[in-house]
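Residue numbers (our numbering): 200 to 391. Glycine is no exception: its CB is placed at the ideal position from the N, C-alpha and C atoms. Below: one structure, written as structure tokens.
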Amino acid sequence: MSRFSKLSVLYLLMGLFISMFNGYSQVSKSASARLDRFLKENSNITFTALVSDATEQILRHKVYCIALETTNIYDDSGKDLDEFIVIDDGTDIQSCQKFRKNTSMDFFLDHLHEDFSLTPATAPLFQDLLDILYPVEGWKLDKREFFFKDGKWYFLRDAYMRSKQGFEIQVDSEGKITDMRYKMKWDVPDRS
């Protein structure tokens, strides 16, 4: 009679294989220390609070820009700068995503002040907020516009040929935002 079942031998062999695989994929402590030192010497991370009328009046949470500056990479004495816009809700950090396709913005609704209403009076302020959270390239600034049609606000951010892209925001009769999405391509509704 066998002391080990086939199943326990299989688990033992799988555990041995996984531990050997992990052992070969680990970075040694000395290499890790050198890599950490290289990063500390050649990079700088800063956090900047983005405070404006738009962020204060529309959002319940703080907004930050995280800047990662790297130098001396690939024998280039110049600097590379990557920036990330994030929202801190006091518990978690939520990054403001880049759009590569039509995207629901349901997560964003949780960050709005409960008493905020999107109306003709607050639409310019909301445009300012979008410019902070989702900056538009300088050469695209003339493509920005916003308007209201059939219970939806449209905040256009870019145009290509006859199609436009930007935010489509559904509001109720009081102007409360009920749905928000980014659309990569849509025809601009007739505003008449």
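Along the length of the segment 251-288, whole beta strand (DSSP E) runs at least 3 residues long occupy 261-272 and 275-287, reported in chain order. One alpha carbon belongs to ILE272, the other to PHE346, and they sit about 45 Å apart. The bridge partners DSSP lists for ASP378 are GLN369. No Cβ-Cβ contact shorter than 7 Å links VAL370 with LEU329. Using a Cβ distance threshold of 7 Å, THR245 and ALA266 count as a contacting pair. Secondary structure note for ALA322: it is in no beta strand (DSSP E), and the uninterrupted alpha helix (DSSP H) holding it is 322-332.
Looking from the CA of PHE298, the closest CA among PHE366, THR247 and GLU373 belongs to PHE366. DSSP, reduced to helix, strand and coil, places ASN301 outside both helices and strands of the structure shown, so it counts as coil. Within 10 angstroms of the beta-carbon of PHE354 lie 16 or more other beta-carbons, which makes it buried. In this model, ALA253 and VAL285 are separated by some 15 Å (Cα to Cα). Contact check between the segment 305-312 and the segment 275-283: fewer than three CB pairs, one atom from each, fall below 8 Å, which does not count as touching. Residue range 344-348 is occupied by the beta strand (DSSP E) that includes PHE347. Pairing MET383 with LYS261 gives a Cβ-Cβ distance that is not under 7 Å. Going by beta carbons, TYR381 and THR302 fall inside the 7 Å limit.
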